[in-house]
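These notes concern the structure reproduced below.
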Amino acid sequence: MSSLSGKVQTVLGPIQPEQLGYTLTHEHLTMTFNCCYSPPPPPQKALSEEPILMKNLFWLKQNPYSNRENLLLNQEVDTIKAELLHFKEVGGGSIVENTTTGISRDVRTLKVMAEETGVNIISGAGFYVDATHSSETRSMSVEQLTKILVNEVLEGADGTDIKCGIIGEIGCSWPLTESERKILQATAEAQAQLGCPVNIHPGRSSDAPFQILRILQESGADISKTVMSHLDRTIFDEKKLLEFAELGSYLEYDLFGTEMLNYQFNDAVDMPSDNERIKTEIVCTSGKQHLLPFIVLSDAIPAMRMQQYGVKLNHFRTKA
7 MSSLSGKVQT
17 VLGPIQPEQL
27 GYTLTHEHLT
37 MTFNCCYSPP
47 PPPQKALSEE
57 PILMKNLFWL
67 KQNPYSNREN
77 LLLNQEVDTI
87 KAELLHFKEV
97 GGGSIVENTT
107 TGISRDVRTL
117 KVMAEETGVN
127 IISGAGFYVD
137 ATHSSETRSM
147 SVEQLTKILV
157 NEVLEGADGT
167 DIKCGIIGEI
177 GCSWPLTESE
187 RKILQATAEA
197 QAQLGCPVNI
207 HPGRSSDAPF
217 QILRILQESG
227 ADISKTVMSH
237 LDRTIFDEKK
247 LLEFAELGSY
257 LEYDLFGTEM
267 LNYQFNDAVD
277 MPSDNERIKT
287 EIVCTSGKQH
297 LLPFIVLSDA
307 IPAMRMQQYG
317 VKLNHFRTKA
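Note that my numbering has the sequence shown beginning at 7, numbered continuously upward.
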């Protein structure tokens, strides 16, 4: 582990931090998201089986999780390679790929993508939400789960010698399940051994991020090296967001580019626009130096959201 101290572990091996360049810290390059398929209303059922076409684009933007093909990012390898090449062309250097066990992590493909595009790719260790856990995973002890996480970073993931460089995204539901709680505890123990960063996918409740950090902290995690993802669909009250920021984790707004009339996983959520996300960042960081660890990303999961990472990079530069 000492040989990794101060370095970044990519799928092609360790690099120095100064080699990262512009980095997107929460993306998915190859995955399946069938676990989150949301059946459309009966009159729209046929649309769920249709291919991704221009004529369906408006419907897809509002119902991205109701089209089966749209959830199979692992079918878009050539498209992803083109996206990565464009990302590199406009100045991008690295991508953290947060696909974990349960949603078809594929470190072999990530290695090929890194070799063919020159983009540094950091793969995530761990497990997604309970709905994707196998019976074997659910039956494991915290100690067994910890060993898996440590091995994925030190030895290799998915039966290969290709190593992960971050733990997560670790999937959590609301309410949190017992299996997810054990994995959070294992995540904290593994991080304490490794010293690596952690990325968390919180349940869809404004109370979820608080509960998760409490469990991690009680289990020995370093909160200053922990990223709480998806806050732009989780905490909407400014006072509560500032209260959460005081706990010391990174605040990740990672749904940039996702502008829809409704959020399929929670009808009570009014999804903010990109401009509203940026305004929230300004409010949280203005004059508050201790609240600066803010991360903005796009977390591109559905295939129809492929829109060139470089475009997003330039968009953030322009609006920052």
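Idealized CB from N, CA, C, for every residue including glycine.
Range covered by the beta strand (DSSP E) that runs through residue i
i	result
I109	First-last for I109: undefined, no H or E at that position.
V96	Run containing V96: none; DSSP gives neither H nor E here.
I206	V204 to H207
E142	Element bounds for E142: not the beta strand (DSSP E) but the alpha helix (DSSP H), S141 to S145.
I168	No beta strand (DSSP E) contains I168, which DSSP labels as neither H nor E.
L257	Y256 to Y259
G130	N126 to A131
M234	T232 to M234
In DSSP terms, what residue i is bridged to
i	result
T29	S100
M37	Answer is none; M37 lacks a bridge partner.
E75	The partner list for E75 (beta bridge, DSSP) is empty, contrary to what the question assumes.
G19	T16
Local conformation of residue i per DSSP, three classes
i	result
E158	helix
F64	helix
V118	helix
S179	coil
I284	helix
S9	helix
T240	coil
L297	Confidence in L297 is poor, its pLDDT being 43 and thus under 50, which makes the residue's placement unreliable; the coordinate value appears in the next sentence. If DSSP states are grouped into helix, strand and coil, L297 belongs with the helices.
I229	helix
A52	helix
Residue interval of the alpha helix (DSSP H) (run including residue i)
i	result
S185	E184 to L200
Q15	Per DSSP, Q15 belongs to no alpha helix (DSSP H); it is in the beta strand (DSSP E), V14 to T16.
I221	A214 to E224
Nearest-angstrom beta carbon gap, residue j and residue i [assumed within contact, 8 Å]
i	j	result
E158	C170	5 Å
V17	K87	So it is not a contact: roughly 14 Å between Cβ atoms.
A194	A227	4 Å
Meets three-Cβ-pair contact criterion under 8 Å: the region 100-110 and the region 125-135: yes
Say whether the region 19-39 touches the region 78-98, bearing in mind that this needs 3 or more beta-carbon pairs closer than 8 Å, one atom from each stretch. yes
Is the region 136-151 touching the region 188-201, taking contact as three or more C-beta pairs under 8 Å? yes
Counting Cβ pairs closer than 8 Å, one from the region 238-251 and one from the region 204-223, do we hit at least three? Contact between the region 238-251 and the region 204-223 is present, because at least three Cβ pairs lie under 8 Å.
Do the region 260-271 and the region 64-81 touch if we need at least three Cβ pairs shorter than 8 Å? Segments in contact, yes.
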